[in-house]
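Working notes, beginning with the structure itself.
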């Protein structure tokens, strides 16, 4: 503000003037901390996109008479094996104030591993799939903690640790369809997905079309509001539950041993069980307006998706500064006239 005034009003305001200016115009100007949002996500976050999405989803649910137990959402979540997310800790006040202890130890392992999660609007979930980073197939040592009957999980690998076209197709064939078709019988199933390339591959789409699987692709850059997994499950899974399990493991071994890929199975399965509860799953679908079809929930989403108001605010600030500039000019004129009369 100070720099703008110096240019427009042609005089150098003091710091106290800036404070007074902000107070005078506190009805249109405020100072707050702002978090970052991608430009594309901001542009996509508007009521028109959301309304079109809900119209399409509800129309398909009605057209194919899809019951809640046949509505699913699938997505991937990546993990850095040894990274601990920020969390509250108890410190010695004296050491904290002396800045001697303000960090918590983490392993530092940068192995990338992905969990494929899939949830149903009836509160159930499909067994997770773990994708390890590796080029030579799955190694027995990674799965040495796998216990039959205790760990219901599918495992595979890819060079990057992320999903790809082949793994996505294998997942829908060997995991999703196999585990959900008995519950569906011959009814249609709806699978909500984001726009990841593997979800839009021709082979993936063809398989779904041939097996009575309807695909609903969430609008680009809107998954933070419209995807149940993103809204209510992946954050507690990665930031809270996995962090708790990882922290406990590091505490038990006093951070003496390095984390390895075989540790992830035990950590992630415990975290998955804690986060993917029926109540959390039901809440995720309700919060995104998919099921139940709650007008209030959808209204909140539409109200949250507001158009860009930055230009309006900028105009108001510009008008205030322009008024200041005009008043300054008038004062100069009055001063010159008064001096001439004297």
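Residue numbers (our numbering): 9 to 350.
Using N, Cα and C, we set each Cβ at its ideal position, and we do this for glycine too.
As the structure is a prediction and not an experimental result, all values here were calculated from the model.
Span of the beta strand (DSSP E) holding residue 85?
-> 79-88
Let me know if residue 233 comes out buried or exposed under the rule of 16 or more other beta-carbons within 10 Å of its beta-carbon.
-> buried
Identity of the residue in 227, 26, 124 nearest residue 54 by Cα | 227
Do you know whose CA, among 267, 276, 82, lies nearest residue 171's CA?
-> 82
DSSP-derived helix/strand/coil call for residue 172 = Correct three-state label for residue 172: coil.
If you count every other CB in all the chains shown that lies within 10 Å of the CB of residue 316, and 16 or more means buried, which is it?
-> Note that residue 316 has pLDDT 49, beneath the 50 cutoff, so the model's placement of it is unreliable and the number below is only indicative. So residue 316 counts as exposed.
Nearest-angstrom Cβ-Cβ length linking residue 84 and residue 124, presumed shorter than 8 Å | 5 Å
Kindly list the residues whose CB is nearer than 8 Å to the CB of residue 241, restricted to its own chain and excluding five residues on each side of it in sequence; keep chain order.
-> 125, 127, 283, 284, 288, 289, 292
Answer yes or no: do residue 167 and residue 137 have a C-beta to C-beta separation smaller than 8 Å?
-> no
Spatial distance of residue 299 from residue 79 (CA atoms) | 9 Å
Quick one: complete alpha helix (DSSP H) runs, 4+ long, within the stretch 16-44?
-> Within the stretch 16-44, the complete alpha helix (DSSP H) runs of at least 4 residues are 23-32.
CA-CA distance, residue 236 and residue 157?
-> 28 Å
Range covered by the alpha helix (DSSP H) that runs through residue 286 = From DSSP, the alpha helix (DSSP H) with residue 286 extends over 286-295.
Would you report the Cα separation of residue 122 and residue 162, rounded to the nearest angstrom?
-> A direct Cα-Cα distance of roughly 12 Å separates residue 122 from residue 162.
Measure the C-alpha to C-alpha separation of residue 253 and residue 199 and round it to an integer number of angstroms.
-> 30 Å
If you draw a straight line from the alpha carbon of residue 5 to that of residue 16, how long is it in whole angstroms?
-> Outside the shown range of the chain, which is 9 to 350, sits residue 5, and nothing can be said about it.
Are residue 61 and residue 196 closer than 8 Å when you measure CB to CB?
-> no
Check the C-beta distance from residue 178 over to residue 209 and give it rounded, since I have them as a contact under 8 Å.
-> Not quite, the Cβ-Cβ distance comes to about 12 Å (not below 8 Å), so this is no contact.
Please say whether residue 89 and residue 267 have beta carbons closer to each other than 8 Å?
-> yes
Got a sec? Which residues, its chain only, sit under 7 Å from residue 153 by beta carbon, not counting five neighbours each side?
-> Only residues of its own chain outside the window of five on either side were considered, and among them 270, 273, 274 have a CB closer than 7 Å to the CB of residue 153, listed in chain order.
Starting from residue 200 and walking both ways along the beta strand (DSSP E), at which residues does that stretch end?
-> 197-201
C-alpha gap between residue 311 and residue 281, whole angstroms | 33 Å
Opposite residue 125 in the DSSP bridges: which residues?
-> 83
Using a threshold of 8 Å, state whether the C-beta atoms of residue 278 and residue 294 are closer than that.
-> no
What separation, rounded to the nearest whole angstrom, lies between the Cα atoms of residue 23 and residue 31?
-> 13 Å
C-beta contact flag for residue 134 and residue 188 at 8 Å | yes
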